[in-house]
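Report on the following structure.
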Amino acid sequence: MASQAGARSMSAMTRRLVVPLGLIGAIAIIVIGGAFLADREGAPKLLAIIYDLIGSHDRADELRQGIGDTTLAKLLLGGVALLVGVGGVWLFYITASAFVGMMKPNRQARIIPWVFVLPAVALLVVFLVYPTVATIITSLTVDGGFAANYGAMFSGPMIAVFRNNLIWLVVATGGSVFLGLIIAGLFDRVRREALAKTFVFLPLAISLVGASVIWRFVYVWRPPSQPQYGLLNAVWTGVGFDPINWIATPPINTYLLILIMIWLQTGFAMVVLSAAIKGVSIEVIEAARLDGASERQLFFRVIVPIIKGSIITVATTIAIAVLKIFDIVYVTTQGRYDTDVVANRMFLEMFVFFRDGRAAALAVVLFIAVLPVMFLNLRNLRTQGIGQ
Amino acid sequence: MTARPIAAPPLKPRVRWRPALLRSAPLKAAVILICVLWSLPTMGLLVSSLRRPEDITQTGWWTALLNPLGSDWTLNNYATVFGSEGLGTAFLNSLIVTIPSTIIPITMAAFAAYAFAWIKFPGRGILFTIVIGLLVVPIQMSLIPILRLYAGLQLNGTFLGIWLAHTAFGLPLAIFLLYNFISQLPKDLFESAAIDGATHFQVFMKIVLPLSVPALGAFAIFQFLWVWNDLLVALVFLGVGPDVRLMPTALSVLVGSRGEAWHVLTAGAFVTMLVPLAVFLLLQRAFVRGILAGSVKS
Amino acid sequence: MAKRNWWLTAVVIAVVAACGGTTASPSPAPSNPSASGTPSATATAGATEAPAAAVPTVPTGYTELDAALGADKPYAGKKVGIQTQWISGEGANFTAAFADFAAATGIVITNEGIGANHEQLLKTRLEGNSPPDLAMLAQPSAVVSYGQDGKLLDIASFMDPTKVNGDFSKTIGFLTDGSHIWGVPYKVDVKSTVWYPIKAFEAKGYQVPTTYQELLDLSDQIVTDGSHPWCLAIESGGATGWIATDWLEDAVLRTAGIDAYQRWITGDLKFNSPEIKTAMDDIAKVFFGNGYVDGGTTAITGTDFRTAMDPMFTDFTNPGCWMQKQATWFGPDFFPDARNNPGTPSQYKVGTDVGIFYFPPIDAAQGKPVLGAGDTLLVPVPANGGEVRPEVKAVAEFLSLPEGTENWIRAGSAISANEKTPAEWYAGAYKLKVANDMLTNATSFGFDASDLMPTVVGSGSEWELLTQWINGGGTSPTTEDVLSQIDASWPTTP
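Protein chains in written order, with the working numbering: chain A, 188 to 575; chain B, 8 to 305; chain C, 1066 to 1559.
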């Protein structure tokens, strides 16, 4: 409040001087700071100067030669990053608004929304809109152009890749939603609901890479003469079968990789659907009970249809994540043994086979696959009157 | 943590339905079974990371768990991953990447969301539609062009490059979530502020920000987990160089180069999970609220 | 006082940040990632150190190198980073190889060891305009294609091509395309080697086989004696299959001969030809031999290659497996006791406990061919097309000399690609002596074919399909299916 009063009492003259200077300062900080951050040696250099200043020339020299401990330099880099990134961004908004505030009121009203919106929109254009266009162009011009790149989409191995993505889409999405629904319904009826939910929900915090390592360990195979330390094969041999190298055995391996995704995403589905179930009005439930519906009928015939909207939303959300699946396949099989998916194939084409055109074509196919979801999304918004 | 919620209005509070608590034994057993099944894989990881390398491949981890006093426990594996396997550096790098990549998009998105929700300007509808449309554009689309763009700017392999990328990739969801929240704030607040002669900036700072803390927090957790756990963006824009490795990259490199060394892998995987698990357990409520704000449709 | 210091610091920070800004964007300042992750891998200039050992003592004729070794140390304090796939033990060996040179010149040389994903990262850095100063790569085909894309400096532009051709007469051909030399061979590995437990062989009275038939007979004998002859495991993540390609290449050299082998590399001899099929049939005898591998084909494709020989050590007097065909880069660092306790050397010694024999000839008419592979040093064009700095050239020139590998050789673990390397350097180490003898006695030398073929085949379909072939026991898919599918993946445009 005090600062507000101070700002108001500031004379017009000083304001006219301070605000442009502030704006220049903000831009300077962002530019200089950005350049410093783009310099890979920036942090050690800066730290070396600081060491020199405090009289520790030995450590400064060590750093310049690249042998000193760079942990401190890293921390310095993080500090500067926070200062420049966060401070600079804030300074921009503050001074730009103040700058606009000095203009005539009707011009202010026209410009201020753009000050608020432009930084975000500019980043989106550079990082998402332009690349989308560029990728489409790459897929049409590089590595033999349209015919070669999109023609390759219909070759044998590539069809297997798309088939796998389809299996992922159906099984991972369906599995997560179904299990999430069942578990939400079950857990709704026990006392320690929150605790029980935490168990199922927890994997959501684990990275896909971490989860892949966890499950690789579950699927480990050893020759029959050796002890089975993988959980799945221990159980499997325990009931009398020969151990199976699960990861390398199609077609079951794809489903076992999907299981990792289901393990992660069920918690998400459960939380959302559980909230939806709790939103079902008590009158409806009572009415169904009075009609003599069993608990199971009540759940599947009454509650599920009512929360259909939530189920669809959860399913589309998971479906988009599943379509783009990369990490699990990359870490467990790298697409071997008939488990390849589009995103992994794309990475392979780009960084192992050096065929950017093929990789771009795969990205475009992926994009086309999610387009319907995008339109659905937009129609949803339109009906709610958002963005008019 | 991959599912990013998509368009849907926030949850409307209704009368809560409380079903009769079925205290039947089968139900209880099913619930406990589900909880155990869900935790078994992680349990195996944790137990194995505390065993000696020789033991891990000789007996299943459950034997150690069933006979905890007769087994040799060790913290050596953790010393190894932090020392010679370089996970300590990766940990620091992950923090340096994640914190700005969380705060910057929130700031930008909050300003944009406020403008979209409460300021009328030409092109608002179109612009907002485009932003929402970008929610589903696969990151894969951006990889090659941004890699080329960064090549000219020499941003590949720099932290600045990955901050910008994560900020941009996080913006559509951030704007969408914050818009959902900010647009629901009571209209009277803004009208009385306008009568007082407050500028949009003052309204944003004094009214919108303080009231939006729950939504900001929820998105912060989202973005934090997303960036911390990301592999693809880090792999492409930062690479796997020892000085810029992040936790997931370091772990995937471990899988590649020490694929047989389960003592290192299990400890490494558990270390990468520590921060997200802590964030998650501490802030679970806000996280759930964030998910619901984005995707429940009643 | 304290207040003034703080103020001063703040100002300097602003100035430095500004300077950092000017050097970073417009000028082609060499980018050089710091070595924070691997402090131990950096060799430093030290004025008080003992006189340098592995450093050329007479003028070499290379301008930058001779300047670097001058008394005034013109490049002291300059940094040169080399991206390699060498980490832990191998990384330490490589660092030792240039440590004396770094000390003598004051150049700060860093091994940026990556391990797995090294090739992917290098590709990203070259394409992404943030290349390392120098890099080592095992695939000559990739080196040449980077060169033709304008990513590399022509070696002939600063090193005398006549000398280079003379020093590397056997391998330089893979790195040239008429007018350019895109890399300098650094290290070679012999791949036609089989590791075996010496004392257990003696105890059982087994003889080192000298023909392929003897090898198969010995294998059967070991099965009859109740054990498994082969330590054969090829699982290697996304690269699974490369060990199978080594087997196939050795067999092609031994049955079809070096000329057919070279035509096979260029694609003139198809995979689905009688020559390659014959070779497949020969290696099938080991891969699918009854009882040859504990756990059969599933174990071959499902076990990490680094652990292939582990069963040999569970009871070293009575091994669980007896022979591993693996290249000369293999060694005690990979034995299970050393692997499980990083930093402590293995208790088993190469030469007394574990020996190496030559993978025997199949068809006597083809003589005694040797399959090898190697690492190539390449010099990337710096960011935004700048000039390669003289200290970088000096390091490249040094690494091309025998002295550039000397310390690694003396550690008993490397063979220099430079053919002028004195043979007595190898004499002390059993592994190197055996490998060097093989090279000397070789009637022909084949460079790893999969590393020379287009990467879509040599690092893609061939790996994948041979793995499927082994998984399916050689029948589903059939040998013919596998070979014709590899042919189908051969790119139509280079």
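A virtual CB, placed ideally from N, CA and C, is assigned to each residue, including glycine.
Here the C-alpha atom of residue 1162(C) lies approximately 20 Å from the C-alpha atom of residue 1183(C). At a Cβ-Cβ threshold of 8 Å, residue 284(A) and residue 273(A) do not count as neighbours. The C-beta separation of residue 358(A) from residue 41(B) comes to about 19 Å, leaving the pair out of contact by the 8 Å criterion. Closest option to residue 404(A), judged by alpha-carbon separation, among 151(B), 120(B), 273(B), 81(B): 273(B). Using a Cβ-Cβ cut-off of 8 Å, residue 415(A) does not count as an interface residue toward chain C, since no Cβ of chain C sits closer than that to its own. Collapsing the DSSP output to three states places residue 1444(C) in coil.
Taking 4 residues as the minimum length, the alpha helix (DSSP H) runs contained wholly in the stretch 1273-1331 of chain C are 1277-1289, 1307-1320, 1322-1331, in order along the chain. Straight-line measurement puts the Cα of residue 311(A) at about 14 Å from the Cα of residue 113(B). For residue 236(B), the residues of chain A that pass the 9 Å Cβ criterion are 392, 393, 394, 395, 396, 397, 514, in the order they occur in the chain.
In the DSSP assignment, residue 1388(C) falls within the beta strand (DSSP E) that extends over 1386-1390. When DSSP states are grouped into helix, strand and coil, residue 429(A) belongs to the coil group.
When C-alpha distances from residue 100(B) are compared across 170(B), 46(B), 75(B), the shortest belongs to 170(B).
Burial check for residue 484(A): the Cβ neighbour count within 10 Å stays below 16, so the residue is exposed. Residue 85(B) is outside the set of residues whose beta carbon lies under 8 Å from a beta carbon in chain C. Every unbroken stretch of the alpha helix (DSSP H) spanning 4 or more residues and falling wholly within the stretch 97-173 of chain B is given here in chain order: 131-140, 147-160. Between the stretch 120-130 of chain B and the stretch 183-194 of chain B, the count of C-beta pairs closer than 8 Å reaches three or more; the two stretches touch. Per the coordinates, the alpha-carbon of residue 1226(C) lies some 12 Å from the alpha-carbon of residue 1126(C). Put simply, the stretch 1285-1303 of chain C does not touch the stretch 1399-1409 of chain C. Fewer than three CB pairs are less than 8 Å apart. Under DSSP, residue 1423(C) shares a beta bridge with 1258(C). Closer than 8 Å to the CB of residue 259(B) there is at least one CB belonging to chain A. Under a criterion of Cβ atoms nearer than 8 Å, the residues of chain C adjacent to residue 154(B) are, in order, 1189, 1192, 1193.
Out of 115(B), 89(B), 147(B), the CA that lies nearest to the CA of residue 537(A) is found in 147(B).
Here DSSP, grouped into helix, strand and coil, assigns residue 1148(C) to strand. A distance of 8 Å or more separates the beta carbons of residue 501(A) and residue 462(A).
Under the DSSP assignment, residue 1132(C) falls in the alpha helix (DSSP H) whose first and last residues are 1128-1133. With the criterion set as a beta carbon lying under 8 Å from some beta carbon of chain B, the members of the stretch 253-284 of chain A are 257, 258, 261, 262, 264, 265, 268, 269, 272, 273, 276, 277, 280, 281, 284, in sequence order.
Between residue 253(B) and residue 97(B), the C-beta spacing is below 8 Å. Counting only runs of at least 4 residues, the stretch 1141-1210 of chain C fully encloses the following alpha helix (DSSP H) elements, listed from N- to C-terminal order: 1153-1170, 1183-1192. Identification of chain B residues near residue 411(A) by a Cβ-Cβ cut-off of 7 Å yields none; the smallest Cβ-Cβ distance measures about 15 Å.
Residues of the stretch 50-61 of chain B that bring their beta carbon within less than 8 Å of a beta carbon in chain A comprise 51, 52, 55, in sequence order.
With fewer than 16 other beta carbons inside 10 angstroms of its own, residue 1242(C) counts as exposed.
One alpha carbon belongs to residue 1393(C), the other to residue 1409(C), and they sit about 21 Å apart. Only buried fits residue 351(A), as 16 or more other CB atoms lie within 10 angstroms of its CB.
Apart from sequence neighbours up to five positions away, the residues of its chain that approach residue 246(B) with a beta-carbon distance below 6 Å are 164, ordered along the chain. Residues of the same chain with a CB within less than 7 Å of the CB of residue 275(A), apart from the 5 flanking positions on each side, are 213, 216, 217, 220 in chain order. Burial is judged here by how many other beta carbons sit within 10 angstroms of a residue's own beta carbon; residue 58(B) has at least 16 and is buried.
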